[in-house]
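Colleague: Throughout the sequence shown, residue numbering follows my numbering, covering 216 to 370 in sequence.
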Amino acid sequence: MAEVIFVRKLLKKAAALAAAAAITISCVPFALADDADSGLVLTISNSQDLLAFAQSVNSGGNYSGRTVTLECDIDMSGEKYVSAGNKDNPFKGVFDGAGHSITNLEISGSDYTGFIGCNEGTVKNLYVDADVSGNMGVAVIAGLNRGNIENCTGS
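(1) Which residues does DSSP pair with residue 334 in a beta bridge?
(2) Taking the alpha-carbon of residue 318 as reference, which of 335, 339 and 346 has the nearest alpha-carbon?
(3) Can you find the residues in the same chain that come closer than 6 Å, C-beta to C-beta, to residue 335, ignoring five residues on each side of it along the sequence?
(4) Taking 8 Å as the CB-CB limit, is residue 344 close to chain B?
(5) Return the chain-ordered list of same chain residues with a C-beta closer than 6 Å to the C-beta of residue 326, the five sequence neighbours on each side being excluded.
(6) So is residue 348 buried or exposed if we call it buried at 16+ other beta carbons inside 10 Å?
(7) So who's on the other strand from residue 323, going by DSSP bridges?
(8) Could you tell me the alpha carbon to alpha carbon distance between residue 265 and residue 303, rounded to whole angstroms?
(9) Going by C-alpha to C-alpha distance, which of 310, 273, 328 and 344 sits closest to residue 281?
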């Protein structure tokens with residue numbers, strides 16, 4: 216009987232440790248996992264993650280062969296967003312909105328301005344509510360699209 220109780224306690228502790236490990240792994244900040252060449256599948260879960268993603272693309276992380284997934288709806292009120300990707304550093308991965316929305320996005324740029332500035336990858340399953348302004352190549356989803364845009368809407 217004592218052995219059964221010991222095994223049950225051991226199993227409960229193992230389950231608790233496994234759950235803690237899963238929570239820790241799922242909460243790794245984007246900034247620690249934003250190396251676009253690292254092979255990681257990235258999940259964006261808040262406005263700071265989205266800003267870090269855009270900065271990473273603009274710094275040369277093209278995400279080719281990688282997937283970035285939006286985990287929840289994101290409200291960008293009060294945040295200064297710069298289009299993810301430009302003519303010199305285009306986005307080449309897959310951005311999967313997973314049916315979620317990015318709202319209150321304000322983007323002001325010069326050429327190729329949008330949620331994705333220059334897209335050579337795939338953007339899919341996303342709704343973007345944005346106020347976008349610029350000179351040439353201005354759109355809500357992608358200012359310059361040389362890739363695929365699937366099941367996306369914007370206003």
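Positions of the beta carbon are idealized from the N, C-alpha and C atoms, including for glycine. These figures come from a predicted structure and were not determined experimentally.
Modeller: Considering the structure as presented:
(1) 306 and 360
(2) 346
(3) 305, 307, 361 and 362
(4) In the structure shown, chain B cannot be found, because there is only a single protein chain.
(5) 350, 351 and 352
(6) exposed
(7) 348
(8) 20 Å
(9) 310
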